[in-house]
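Asks:
In this note's numbering, the protein residues as written are 25 to 130.
#1: Decide if the stretch 83 to 102 is in contact with the stretch 66 to 74; the criterion is three or more beta carbon pairs, one per stretch, under 8 Å apart.
#2: If you reduce the DSSP assignment to three classes, tell me which class residue 116 lands in.
#3: Looking at residue 83: is its Cβ nearer than 8 Å to the Cβ of residue 104?
#4: Give a yes or no on whether the C-beta atoms belonging to residue 102 and residue 80 are separated by under 8 Å.
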């Protein structure tokens, strides 16, 4: 003997999805302090990295004359010299020769 059990469902109950709004946590002094701490930590963490990037785009003679925090003397010569000395074109093409077939065959 087989018995089928059907759950009690009211018609139309599943037709309307439950509306869930975005809930914003109230702005408390602790949250403000936390956000300020996180912002300060991010700035302290990123400052040396951004300063190194900024100075890597400048000529050494300009930097030694005008200081690290001056503006101007931008050049990409250091990057082109490193690209040529390191033979990056050959190395990059070797990576392409390996990567493209590996991606296409998988």
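Each residue gets a CB set at the ideal place from its N, CA and C atoms; glycine is no exception.
Replies: Well, looking at it:
#1: no
#2: helix
#3: no
#4: yes
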